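One structure is given here, and the rest of the page talks about it.
Protein chains: 2
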Amino acid sequence: MNAISHKIIRETLLERIQSGEWELGELIPNEEELAEEFGCARTTVNRALRALAEEGIVIRKRKGGTRVCELPKREAKFEIPIVRQQVEATGAVYRHKIVCRESKKPPISVSTRLHLGADEKALYLEALHLADERPFAFEMRWVNPAAVPHIEEEKFDTISVNEWLIKSVPFSSGDVSFSAVNADCDIADALDVTEGSALFLVDRTTWYDQSFITTLKLYYNQGFKFYSKL
Amino acid sequence: MNAISHKIIRETLLERIQSGEWELGELIPNEEELAEEFGCARTTVNRALRALAEEGIVIRKRKGGTRVCELPKREAKFEIPIVRQQVEATGAVYRHKIVCRESKKPPISVSTRLHLGADEKALYLEALHLADERPFAFEMRWVNPAAVPHIEEEKFDTISVNEWLIKSVPFSSGDVSFSAVNADCDIADALDVTEGSALFLVDRTTWYDQSFITTLKLYYNQGFKFYSKL
DNA sequence: TAGTGGTCTAGACCACTCA
DNA sequence: GAGTGGTCTAGACCACTAT
Chain A
46 MNAISHKIIR
56 ETLLERIQSG
66 EWELGELIPN
76 EEELAEEFGC
86 ARTTVNRALR
96 ALAEEGIVIR
106 KRKGGTRVCE
116 LPKREAKFEI
126 PIVRQQVEAT
136 GAVYRHKIVC
146 RESKKPPISV
156 STRLHLGADE
166 KALYLEALHL
176 ADERPFAFEM
186 RWVNPAAVPH
196 IEEEKFDTIS
206 VNEWLIKSVP
216 FSSGDVSFSA
226 VNADCDIADA
236 LDVTEGSALF
246 LVDRTTWYDQ
256 SFITTLKLYY
266 NQGFKFYSKL
Chain B
46 MNAISHKIIR
56 ETLLERIQSG
66 EWELGELIPN
76 EEELAEEFGC
86 ARTTVNRALR
96 ALAEEGIVIR
106 KRKGGTRVCE
116 LPKREAKFEI
126 PIVRQQVEAT
136 GAVYRHKIVC
146 RESKKPPISV
156 STRLHLGADE
166 KALYLEALHL
176 ADERPFAFEM
186 RWVNPAAVPH
196 IEEEKFDTIS
206 VNEWLIKSVP
216 FSSGDVSFSA
226 VNADCDIADA
236 LDVTEGSALF
246 LVDRTTWYDQ
256 SFITTLKLYY
266 NQGFKFYSKL
């Protein structure tokens with residue numbers, strides 16, 4: 046292909062920015078000028094600049110032109126993986142065990158999150174994720190039974206709750222928080238660590254449309270880390 | 046505008062996928078067919094589908110066509126913010142204090158990370174980040190002085206080390222890990238918490254081109270959380 | 001080999017926003 | 001008001017890959 050690709054343009058511009066050829070906050074040439082320089086259509090330059098804008102490298106404004114970002118933001122993307130995949134990625138054999146399963150009235154903090162009435166019951170599950178039969182993570186989860194009625198029929202002996210939910214309600218939204226907590230007595234017991242150990246906690250709530258599906262706390266065993274590139 | 050926008054197409058297709066009109070893994074119509082259905086150019090459909098592919102909703106293959114993703118991945122994007130911004134976002138007043146600053150031989154774990162010779166010195170800094178004069182986070186950092194020579198002249202009385210580095214080396218790459226640790230004696234002391242408290246640790250290393258810039262451990266005080274949308 | 005997505009072009013009009 | 005990016009079109013050729 047003779048034509049100049051948007052990838053090459055993006056890379057070239059990125060190098061100029063990184064090398065300091067353009068200062069932070071400085072206006073860079075407009076699309077038409079760059080198109081002329083690269084000898085390509087404006088559309089192609091547009092695509093390259095749009096990519097840089099999505100990455101937070103430049104800021105674009107109509108009439109205002111395109112500027113190098115003043116305070117480049119650093120973003121880390123974490124995939125929220127299925128625990129099974131995390132375990133298998135380490136080369137270990139994955140297994141999970143439902144420790145507790147009952148239908149009961151959730152505490153207020155949960156019933157508000159799941160948008161349940163004060164007297165409505167929800168499904169409560171505790172599960173232990175094992176890597177080579179050693180505790181890897183402990184999960185405490187509430188499910189809104191109205192959102193996924195068929196869950197009553199599922200045993201979860203071959204598939205984890207999370208994987209089942211992903212398949213049943215594949216494109217839900219949600220929010221998530223990461224934090225550090227000291228293991229209380231129960232969790233220390235489940236994960237076979239001493240009480241007070243620092244554990245990595247992922248707290249996640251998901252919903253689809255207006256209907257809340259599940260909220261869970263996932264306690265990873267000691268030493269667990271989330272990695273990412275910047 | 047009469048023309049159908051790529052955003053509307055993206056939304057429409059997303060609704061069909063979410064509603065289950067197309068199964069997981071199912072082949073969806075090709076670009077030309079969709080263009081005809083929406084009465085627009087193929088380019089426009091292409092842009093909508095490309096967006097869905099970037100979001101991990103569909104998978105596209107030449108000749109293979111476009112399919113709904115089998116196992117939709119969940120991604121969480123975290124901005125790695127400047128601590129000052131984190132503090133100010135809570136409404137508190139930010140201040141930081143350099144607790145320690147010296148040039149010395151780093152431990153091997155650091156000198157390998159920074160690609161330093163065994164006998165080379167590096168700049169070591171400890172800093173405390175305060176929110177309304179209460180400890181918010183404690184930072185232990187090594188800087189490769191060869192990568193940023195002017196750092197010797199900087200006092201860091203008005204600007205934090207991180208902000209200074211971002212301005213000096215704006216578009217560096219890096220990696221980062223999140224984990225949970227029990228506070229050791231020194232850190233507990235610095236953050237004014239009891240020893241053994243669970244702390245959220247961000248461990249980050251950045252470089253530019255081939256040259257390593259800095260590696261740091263940032264211990265957030267108890268109760269700190271990272272939030273994100275899924 | 002044939003079918004699909006990937007990309008580029010040249011031109012057009014629009015929408016926003018700065019001065 | 002004028003300059004910039006935002007987007008759409010219609011057409012073309014290419015690159016990959018499933019069959």
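Taken in sequence, the protein lines are chains A and B.
Under the working numbering, the first residue of the first sequence carries the number 46, and numbering increases by one thereafter.
Under the working numbering, the first residue of the second sequence carries the number 46, and numbering increases by one thereafter.
Note that the Cβ used here is the ideal one computed from N, Cα and C, for glycine as well.
In this text the structure is predicted, and so the values were computed from the model without any measurement.
Looking at the DSSP output, B/Arg87 shares a beta bridge with no other residue.
Taking the CA atoms as reference points, A/Glu133 sits about 31 Å from A/Ser148. Below the 9 Å Cβ cutoff, chain B contributes no neighbours of A/Gln255, its closest Cβ being approximately 13 Å away.
Taken in chain order, the members of the stretch 260 to 273 of chain A whose beta-carbon sits within less than 9 Å of a beta-carbon on chain B are Tyr265, Gln267, Gly268, Phe269, Lys270, Phe271, Tyr272, Ser273. In terms of beta-carbon proximity, A/Val226 lines the interface with chain B, with at least one pair separated by less than 8 Å. The Cβ neighbour count for B/Gln130, taken over all protein chains shown within 10 Å, is under 16; the residue is labelled exposed.
Put simply, the CB of A/Lys118 is near chain B, with a gap under 8 Å to one of its CB atoms. Between A/Arg55 and A/Ala98 a beta carbon distance of about 11 Å is seen, past the 8 Å cut, so the two are scored as non-contacting. DSSP, reduced to helix, strand and coil, places A/Val155 within a helical segment of the structure shown. Nearest Cα to B/Thr259 within the set B/Thr251, B/Asn266, B/Tyr265: B/Thr251. If you draw a straight line from the Cα of B/Trp67 to the Cα of B/Pro215, it comes to about 44 Å. B/Trp252 carries a strand assignment under DSSP once its states are collapsed to helix, strand and coil. Restricting attention to B/Ile125, B/Ala80, B/Glu76, the CA atom closest to the CA of B/Lys108 is found in B/Glu76.
Exclusion of the five residues before and after A/Lys262 leaves Met185, Leu246, Asp248 as the residues of its chain whose Cβ lies within less than 7 Å of its Cβ.
For A/Ile211 and B/Leu116, the gap between their C-alpha atoms comes out near 8 Å. Taking each of B/Ala121, B/Tyr264, B/Ala225, B/Ser50 in turn and checking the Cα distance to B/Glu171, the smallest one comes out for B/Tyr264. Taking C-beta atoms as the reference points, B/Ile53 and B/Thr111 fail to come closer than 8 Å. A/Tyr139 sits buried, since 16 or more C-beta atoms from the chains shown fall within 10 Å of its C-beta.
DSSP, reduced to helix, strand and coil, places A/Arg107 outside both helices and strands of the structure shown, so it counts as coil.
Listed by position along chain A, the residues whose Cβ is nearer than 8 Å to that of B/Pro194 form an empty set, because the closest Cβ is around 15 Å away.
In the DSSP assignment, B/Leu246 is bridged to B/Ser224, B/Tyr264. For B/Phe245, the chain A residues whose Cβ falls inside 7 Å of its Cβ are Ser224, Ala225, in order along the chain. One finds nothing in chain B with a Cβ atom closer than 8 Å to the Cβ of A/Ser50; even the nearest lies about 15 Å away.
A residue is called buried when at least 16 other Cβ atoms come within 10 angstroms of its Cβ; A/Val188 meets this threshold and is buried. Rounded to whole angstroms, the gap between the alpha carbons of B/His51 and B/Thr88 is 9 Å.
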